[in-house]
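One structure below.
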Amino acid sequence: MSNPMLQLRDIHKAFGTQHVLKGINLTVEKGEVVVILGPSGSGKTTLLRTVNFLEKADRGSITANQFTVECLDAKKQDVLMLRRKTAMVFQNYNLFANKTILENVMEGLIIVKKIKKKIAEKKGLEVLDKVGLADKANAYPNQLSGGQQQRAGIARAILLNPDVILFDEPTSALDPELVGEVLTTIKKIAQTGVTMVVVTHEVSFAKEVANRIVFMADGNIVEQGPPEKLLVNPEKERTKQFLSRITSEKGSTDFSN
Ligand SMILES: Nc1ncnc2c1ncn2[C@@H]1O[C@H](COP(=O)(O)OP(=O)(O)OP(=O)(O)O)[C@@H](O)[C@H]1O
Ligand SMILES: [Mg+2]
């Protein structure tokens with residue numbers, strides 16, 4: 001049965017005269033992992049940002065776990081509610097330099113959820129253990145590798161227990177040898193049944209983890225489908241063009257099994 005956790009309807013966004021999102025409709029089921037692929041500038045980041053109102057869409061509505069917001073009529077309370085239901089993991093981790101890893105991770109629990117410090121600490125340590133950072137709880141962000149910082153960013157997101165986690169290129173700022181540990185962490189979280197939308201250029205990861213891949217270009221969803229269909233046998237010319245370019249850049253090993 002259909003049980004959408006996230007539903008975007010007719011999302012439009014322009015910056016000045018540039019129409020960046022041209023009517024996006026996207027439904028994500030509970031527990032589904034949706035990967036968004038698409039060329040630079042196609043609107044992927046903007047789309048994720050509209051979901052929790054880091055950008056306000058010009059038209060359309062957003063439903064997260066049965067709570068619907070008409071973008072143009074959104075009140076402050078609606079935006080807060082949506083942000084509680086959707087957590088975002090950014091490319092550049094966005095950790096506070098003057099707080100320890102544990103303080104960074106539990107910050108949301110204390111501020112957003114008003115949970116007592118002792119309890120937040122305990123939950124923070126549990127989630128750090130899950131992402132393999134138990135021994136870094138008292139370190140500061142600049143004492144961690146990029147991959148470790150990103151895993152802390154992920155821990156912070158899952159600790160808030162959101163209905164949907166939105167990842168915007170979580171590995172693109174990392175040295176190649178650190179990408180694997182972050183993708184493994186995301187994969188582990190995906191396996192616990194958390195609903196996810198992941199913007200990434202990592203096609204092999206998408207192939208392994210995604211239930212569905214959405215291909216975006218020029219502010220539109222061009223086509224979508226299960227990875228084995230979309231990556232191997234896409235229907236649209238635009239999708240074929242994009243895939244042939246990224247596989248020739250990265251070598252064709254992504255499709256080898
Ligand atoms: N705040 C903004 N003000 C003006 N233009 C913007 C703003 N944010 C994004 N844009 C423009 O919107 C378009 C889509 O940008 P967006 O960041 O969503 O693309 P993207 O698909 O995430 O690209 P990339 O793969 O490079 O991250 C780009 O042309 C960008 O320049
Ligand atoms: Mg982007």
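Under our numbering, think of the first position of the sequence shown as 1, with each following residue one higher. Even for Gly, the Cβ is constructed at its ideal location relative to N, Cα and C. Computed from a predicted structure; not experimentally measured.
Look up residue i in the DSSP assignment and say whether it is helix, strand or coil.
| i | result |
| --- | --- |
| F15 | strand |
| F53 | coil |
| N257 | The predicted model places N257 with a pLDDT of 38, which falls under 50 and marks its position as unreliable, so this point remains unresolved. |
| K22 | strand |
| S252 | Only weak support is given to the placement of S252: the predicted model assigns it a pLDDT of 44, under 50, and the question is left unresolved by the model. |
| Q143 | helix |
| S244 | helix |
| Q66 | coil |
| I115 | coil |
| G60 | strand |
| E32 | coil |
| L95 | coil |
| M5 | strand |
On the DSSP bridge assignment, give the partners of residue i in chain order.
| i | result |
| --- | --- |
| D129 | D129 is not bridged to any residue. |
| F167 | V89, V198 |
| L72 | Looking at the DSSP assignment, L72 forms no beta bridge with any residue, so it has no partner. |
Tell me the residue span of the beta strand (DSSP E) that contains residue i.
| i | result |
| --- | --- |
| Q224 | 220-225 |
| V232 | Premise fails: V232 is in no beta strand (DSSP E) and is neither H nor E. |
| A217 | 212-217 |
Taking the continuous alpha helix (DSSP H) assigned at residue i, which residues delimit it?
| i | result |
| --- | --- |
| E107 | 101-111 |
| I189 | 176-191 |
| G146 | 146-159 |
| A266 | Since the first and last residues shown for the chain are 1 and 257, residue 266 lies out of range. |
| A206 | 203-209 |
Would you say the beta carbon of residue i is closer than 7 Å to some non-hydrogen atom of ligand 1?
| i | result |
| --- | --- |
| S248 | no |
| Q224 | no |
| N18 | Here residue 18 is Gln; the residue named in the question, Asn, does not match the sequence. It does: the Cβ of Q18 is within 7 Å (strictly closer) of some heavy atom of ligand 1. |
| G38 | yes |
| G41 | yes |
| F53 | no |
| F205 | no |
| K15 | It is Phe, not Lys, that sits at residue 15 in the sequence shown. F15 Cβ: within cutoff of ligand 1. |
Taking 7 Å as the cut-off, is the C-beta of residue i nearer than that to any heavy atom in ligand 2?
| i | result |
| --- | --- |
| T45 | yes |
| E169 | yes |
Comparing the CB of residue i with every heavy atom of ligand 4, is any distance shorter than 7 Å?
| i | result |
| --- | --- |
| V199 | Looking for ligand 4 in the displayed structure turns up nothing; the ligands present are ligand 1 and ligand 2. |
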